[in-house]
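Enquirer: Please find one structure pasted underneath; my questions will follow.
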Amino acid sequence: MSSPMLREPRDRTLAPARGRILEIGFGTGRNLTHYPPTVRRIEAIDPDADLDRLSLPRIAHAAIDVDFHHLNAEHLPFEDARFDTVVSTFTLCSIPDVVHALGEVRRVLKPGGQFLFLEHGRSPDPKVARWQDRLNRAWMPLAGGCHLNRPMRSLIEDAGAEVRRVHGGRGGEEKRIAVISFSCCIA
Ligand SMILES: C[S@@+](CC[C@H](N)C(=O)[O-])C[C@H]1O[C@@H](n2cnc3c(N)ncnc32)[C@H](O)[C@@H]1O
């Protein structure tokens, strides 16, 4: 997820970030340099303490303040309607109970708040999706629990969000094995 090809999609995904912001699945902090300059502070969560050796130096040198917590997105300790923006990049594929986590995202977003995401997921091409299903079992343990075949758009819509903007990867919207979409969703 450190590819230079992802710099521009990260910039575009995070461009609308505003207000009180929560990033779920912070990882090694790759998004820190992609927030717009108007963002001065974010809250961020990730359960994996092994990533601290990479994320904490990035936090220390970042232009924005990061209030970081080791937490799962399935159980957020924040009050309802706390955030204006929730961000997820390449994280919904790895969260074990993604339906529960998306319910939490919706709960902590203010009405009218935005969920900004950049994710890969299930291809709409049945031939590709069949391969994703076949490979998934072998792939998951090798890739930190990442699922290749989650239907991201419908998972997000089923959580009660209205998808306002979707951008597919090269080859058109949602046509590739690694679907890349970014979007604003209104809770
Ligand atoms: C592929 S990495 C993406 C990291 C970062 N968002 C990026 O764009 O580079 C997936 C991240 O999801 C995190 N993750 C796994 N389970 C999670 C959970 N239950 N709640 C929140 N984050 C989780 C992992 O620890 C990991 O940092």
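Sequential numbering from 7 applies to the sequence shown in our numbering.
Ideal placement from N, C-alpha and C gives every residue a C-beta, glycine not left out.
Heavy atom of ligand 1 less than 7 Å from the Cβ of Gly119, yes or no?
Expert: Residue mapping note: residue 119 aligns to position 113 of the sequence shown, counting from 1. Gly119 Cβ: outside cutoff for every heavy atom of ligand 1.
Enquirer: Check Leu98 in the structure and name its three-state DSSP category.
Expert: For the purposes of this step, residue 98 is taken as residue 92 along the sequence shown, with counting starting at 1. Coil, per DSSP.
Enquirer: Restricting to Cα atoms, I'd like to know which of Leu28, Ala21, Ala135 and Pro130 is closest to Lys116.
Expert: For the purposes of this step, residue 116 is identified with residue 110 of the sequence shown, where counting begins at 1. Closest by alpha carbon: Leu28.
Enquirer: Please work out which residues of its chain come closer than 7 Å, Cβ to Cβ, to His40, disregarding the five sequence neighbours upstream and downstream, and give them in chain order.
Expert: Walking along the sequence shown from the start, residue 40 turns up at place 34. Counting only Cβ-Cβ distances below 7 Å, and skipping sequence neighbours, we find Arg16, Asp17 and Leu20.
Enquirer: Note down the Cα distance separating Ser9 from Gly151, rounded to an integer number of angstroms.
Expert: Locating residue 9 in the sequence shown gives position 3, where the first residue counts as 1. Locating residue 151 in the sequence shown gives position 145, where the first residue counts as 1. Each residue's alpha carbon lies about 20 Å from the other.
Enquirer: Just checking Asp58 against ligand 1 - is the residue's beta carbon closer than 7 Å to any of the ligand's heavy atoms?
Expert: Here the question's residue 58 lines up with position 52 in the sequence shown. No.
Enquirer: Where does Ala66 land, buried or exposed, given buried means 16+ other C-beta within 10 angstroms?
Expert: Stepping through the sequence shown from its first residue, residue 66 is reached at position 60. Flag for Ala66 reads exposed.
Enquirer: Apart from the five residues on each side of it in sequence, which residues of its chain come closer than 6 Å, Cβ to Cβ, to Ala87?
Expert: Start at 1 with the first residue of the sequence shown, and residue 87 comes out as number 81. Result list for Ala87: Lys116, in chain order.
Enquirer: In angstroms, rounded to a whole number, what distance separates the CA positions of Val114 and Trp145?
Expert: As a first step, residue 114 is located in the sequence shown; it is residue number 108 there, counting from the start. As a first step, residue 145 is located in the sequence shown; it is residue number 139 there, counting from the start. Roughly 32 Å separates the two Cα atoms.
Enquirer: Are Leu122 and Ile70 closer than 8 Å when you measure CB to CB?
Expert: Translated into positions along the sequence shown, residue 122 becomes position 116. Translated into positions along the sequence shown, residue 70 becomes position 64. Their beta carbons are not under 8 Å apart, which means Leu122 does not touch Ile70 by this criterion.
Enquirer: What's the C-alpha gap between Leu205 and Val93?
Expert: What is shown of the chain runs 7 to 193, which leaves residue 205 out entirely.
Enquirer: Taking the continuous alpha helix (DSSP H) assigned at Pro111, which residues delimit it?
Expert: Against the sequence shown, residue 111 aligns to sequence position 105. It should be noted that the sequence gives Val, not Pro, for residue 111. From DSSP, the alpha helix (DSSP H) with Val111 extends over Val104 to Val114.
Enquirer: Going straight from the alpha carbon of Pro130 to that of Ile162, what length do you get?
Expert: Working through the sequence shown from its first residue, we reach residue 130 at position 124. Working through the sequence shown from its first residue, we reach residue 162 at position 156. Cα-Cα distance, rounded: 16 Å.
Enquirer: Taking Ala144 as part of the alpha helix (DSSP H), name the residues at either end of that continuous run.
Expert: The residue you call residue 144 lines up with position 138 of the sequence shown. Its alpha helix (DSSP H) spans residues Pro132 to Leu148.
Enquirer: Is Pro83 near ligand 1, in the sense that its beta carbon is under 7 Å from a heavy atom of that ligand?
Expert: One-based indexing of the sequence shown puts residue 83 at position 77. Not so, every heavy atom of ligand 1 lies at least 7 Å from the Cβ.
Enquirer: What separation, rounded to the nearest whole angstrom, lies between the Cα atoms of Arg47 and Arg26?
Expert: By 1-based counting over the sequence shown, the position of residue 47 is 41. By 1-based counting over the sequence shown, the position of residue 26 is 20. Looking at the two C-alpha atoms, the distance is approximately 8 Å.
Enquirer: By the 10 Å Cβ neighbour count, where 16 or more other Cβ atoms means buried, how is Ala23 classified, buried or exposed?
Expert: Your numbering for residue 23 matches position 17 in the sequence shown. Label assigned to Ala23: buried.
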